[in-house]
Structures are given as C-alpha cells and as structure tokens.
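Counting from 1, one number per residue, gives the positions in the sequence shown under the working numbering.
Cβ coordinates follow ideal geometry from the N, Cα and C atoms, glycine included.
Computed from a prediction, not measured in an experiment: that's the story for all the values here.
See structure below.
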Amino acid sequence: MKTILAAYSGVLKGEILTSSSVLCVHPGTGSSILSSLQDLPSALWPCSSRMEKHLQVISVLQWVISFLAMGIACTLLLVYMFCTDCWLIAALYTAWLIVDWNTPKQGGRRSSWVRNWTVWTYFRDYFPVRLIKTHDLLPNRNYILGYHPHGIFCFGAFCNFGTEATGFSKKFPGIKPSLATLAGNFRLPVLRDYLMSGGICPVNRHSIDYLLSCNGTGNAVVIVVGGAAESLHSAPGMNSVTLKNRKGFVKLALQKGSDLVPVYSFGENDAYKQVIFEEGTCWRALQKRLQKMLGFAPCLFYGSAWGIVPFCNPITTIVGEPITVPKIEDPTEEMVELYHGMYVRSLLCLFDKYKTRFGLKESDILHIQ
1 MKTILAAYSG
11 VLKGEILTSS
21 SVLCVHPGTG
31 SSILSSLQDL
41 PSALWPCSSR
51 MEKHLQVISV
61 LQWVISFLAM
71 GIACTLLLVY
81 MFCTDCWLIA
91 ALYTAWLIVD
101 WNTPKQGGRR
111 SSWVRNWTVW
121 TYFRDYFPVR
131 LIKTHDLLPN
141 RNYILGYHPH
151 GIFCFGAFCN
161 FGTEATGFSK
171 KFPGIKPSLA
181 TLAGNFRLPV
191 LRDYLMSGGI
201 CPVNRHSIDY
211 LLSCNGTGNA
221 VVIVVGGAAE
231 SLHSAPGMNS
241 VTLKNRKGFV
251 KLALQKGSDL
261 VPVYSFGEND
271 AYKQVIFEEG
281 TCWRALQKRL
291 QKMLGFAPCL
301 FYGSAWGIVP
311 FCNPITTIVG
321 EPITVPKIED
331 PTEEMVELYH
341 GMYVRSLLCL
351 FDKYKTRFGL
361 KESDILHIQ
C-alpha cells in the first residue's frame, strides 16, 4: 500500500495543466504509477513468504501430532461416544472396524487423492525433502527398499514414499511404494485409515508376503531396517545405522525373489536433537525395556518452536542401485550372509559417493552397528 500511495503522491506533485475542457498530467507521472504498480509484488513478497512458512510449519506439525496422538485420541473419543447419544455412530464404526480388520495386511487402501494433497508439498518444502534416483526400477520386478537411517520420525521416508510430494511415481513409473511401519498403528481407529490412504502398511510377515506374492509386480516395500533401536542413536551429525544383525529382510527378499535396493537419507538425523543416555545407565535400560514392550523407542527429543516442530534442515534421499536377488524358498544361512554382505557394501558405496555433496566431509564414514 505504501508503494501505491507513493505513486499517487507523485501524481499530485506533478504539474497539472488545465484548460476549460482539457486536464493534462505531467508526462513523467504515468510512468511513475506504472513503475510503482510493477514493484507491488516485491513489496508484498515478505508477507507472502511468511504465510508460506506458516503453512509449511502447520503441515509438518499436523503429521507429527497425528502420528503421536491421533490413534489414542480417536480411541478415547470412540469409547466416549458409546456413552453419549452418538453411540450408534460409534457402534457402526466399530462394526466397520471389525469387518475391515485385515485390510492393512492385504495391500491396504491406497488413495492417490490423499497422496497428492497440497499439504504434502508444504511438508516437503519445510525441510526441504528431495528424492534422487540413481537407477531405474523395472515394473516387472518386485523390490525391498532398505531405508536408512530411521531418525526420530522418518520424515524422509514418509514424504518420499507415503506421498507424491517429491514425485516418486514420475521418477519410477509403474512402481507402487508401500512404506512399512509398526503394526500396532493399524489397530487404532482413524489413524489406520489415514496411514493406509498413503500406501503405508504394517511391517509384519503377512502384509509384506501379500505385497510381494499376491499383488502382481511393480511393488516396492520400504522397510526402515534399523527400526526403533536405531532411533535411540539419532542425533545431528550422527552417521550410524543398525544393520549388522538385521538379516530378516534379506532372507525375505530371497524367499520372494525380490531385488534389494539400499536407500540413504542425508539429513534425516538432523531433524531433531535428542538427549542420548549412556549405555549401562538406568535411563537407557528403561528406554530399551519400553521399546520391547511398546514396539517403539521413547526418545527424549526436541526441535524448534514448540519443541516438537523439527529443525528445517534439508533431507535428501538417495535411491541406490538394485541388487538382483534369485528366488530361493529355503535359503541357507550362507546365502543370506552373502546377500547381506552385498547389501552392506552397496549401502556403504552409496554413502561414500554422495556424502560430500550433502554437507559431509570426505573423512566421514558410515558406522554399521
């Protein structure tokens, strides 16, 4: 507005020549108005930029709160509704829940509409999150993508494989990604439907078997190999993955004849800072015990703003070269060891090739735990 007022101020100061029938404005005045109007977008840009940032924060915050509280809140609400005049709605939803109970294990209920929500583009731009393709994935094959590291909330995994914000389907045409997460999430009302709409599935044998055996080809199951245990080591600057004794996904790949693909996200561990307790302390022991009981690790983490908003550090996800895996219904331990070793070497090569491009030094190494 100040820019416009300044323009009109210039008009009033111009030499105005009048006659009985003609009003003339100084020739330079019109160009000053036009120039000022052209400058208007740049004057409004700071306001637009702030609004954009607020929308990005809200989009990330809604996902964090949904993951932390939606399931429990909706369960309590459902129980409460049984004690009110809305009991019939609660009863109908509960009946639907029973009928639909096994859907997450049978491919879920993916929604391209939900995966393409505009909110996910704001989510992507907050960090920002990027997806980099190094090799093609063939639609006539199935894949198991090992995602590293876990971080606190797997922001990179969710944004790249649970939404279309980074253009997964355009980069890998004919491939349907299914991000595997804790099976317990699919026992909670509303949250289960929210997760399934993004193509997210339970990380259990039944669900993965179905996707790799009964759902045709072109399936890519994304497994966060380090799991909850790895999140306890998540901290900015930490280049460490829990993989040394994680061989179940390799055995499964052999049994299904699904190719293995290493995936590494630079910046995933930088989203939050965490209070890391020393091994052997009572707090560490408590964390591990709760992890075994609940299936996830209760981390003491903090970010910016209200603490649960992550730091806006870039997250870049690199999808590596597929490792061709033969189908062996009953693989020996030696065979599992062989392909596990190939996978580890491929992941290390991927890390070493791209580390200097994304803020790490040549001397930085990836620690395999």
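VAL224 places its beta carbon less than 7 Å from that of TYR147. Cβ atoms of GLN287 and ALA235 stay farther apart than 8 Å, at about 14 Å. Secondary structure of CYS159 (DSSP, three-state): helix. Per DSSP, the unbroken beta strand (DSSP E) holding SER178 starts and ends at 176 to 181. In the three-state reduction of the DSSP assignment, LYS133 falls in the strand class, which pools E and B. The stretch 161 to 176 and the stretch 106 to 122 touch, with three or more beta-carbon pairs separated by less than 8 Å.
Considering only ASN239, ILE208, GLY184, PRO326, the residue with the shortest C-alpha distance to THR75 is GLY184. Beta-bridge analysis with DSSP links ASN219 to LYS176. Across the structure, PHE296 and HIS135 are spaced so that their CA atoms are roughly 33 Å apart. By the neighbour-count criterion, in which 16 or more other beta carbons inside 10 Å mark a residue as buried, PRO326 falls on the exposed side. With at least 16 other beta carbons inside 10 angstroms of its own, VAL263 counts as buried.
Rounded to whole angstroms, the separation of the alpha carbons of PRO331 and VAL119 is 44 Å.
Shown here for ARG124: same chain residues with a beta carbon closer than 7 Å to its own, the five before and five after excluded, namely CYS159, ALA165, THR166 in chain order. Under the DSSP assignment, HIS206 falls in the alpha helix (DSSP H) whose first and last residues are 205 to 213. In this chain, the alpha helix (DSSP H) harbouring ILE72 covers 71 to 81. Taken atom to atom, the span from the alpha-carbon of GLY108 to that of SER363 is near 43 Å. Judged by beta-carbon spacing, LEU212 lies beyond the 7 Å limit of ILE328, meaning their Cβ atoms are not closer than that value. Bridge partners of SER304 according to DSSP: VAL309. Under the DSSP definition of a beta bridge, LYS273 partners with TYR302.
Put simply, of ILE308, GLY216, PRO322, CYS349 the residue whose alpha carbon is nearest the alpha carbon of LEU61 is ILE308. Per DSSP, the beta-bridge partners of PRO202 are THR181.
In its chain, beyond the 5 residues on either side, ALA90, ALA91 have a beta carbon closer than 8 Å to the beta carbon of PHE82. Under DSSP, the beta-bridge partners assigned to SER265 are THR317. The alpha-carbon separation between PRO177 and SER346 amounts to approximately 21 Å. Just measuring C-alpha positions, the residue of TYR272, THR317, MET196, PHE168 sitting nearest PHE301 is TYR272. Looking at the DSSP output, GLY146 bridges to ILE223, PRO262.
Its Cα nearest to that of ARG357, the residue GLY267 stands out among PHE172, LEU137, THR281, GLY267. DSSP, reduced to helix, strand and coil, places ILE323 within a strand of the structure shown. Contact between VAL241 and VAL319 is absent: CB atoms are separated by about 16 Å, not below the 8 Å threshold. Using a 10 angstroms sphere on the CB of TYR210, the tally of other CB atoms reaches 16 or more, which defines it as buried.
A distance below 6 Å between beta-carbons, with the five flanking residues on each side excluded, links GLN56 to the following residues of its chain, in chain order: TYR122, ASP125, TYR126.
Between VAL250 and HIS340 the beta-carbon gap is near 5 Å, inside 8 Å, which marks them as a contact. The C-beta separation of HIS367 from ASN239 comes to about 6 Å, placing the pair in contact by the 8 Å criterion.
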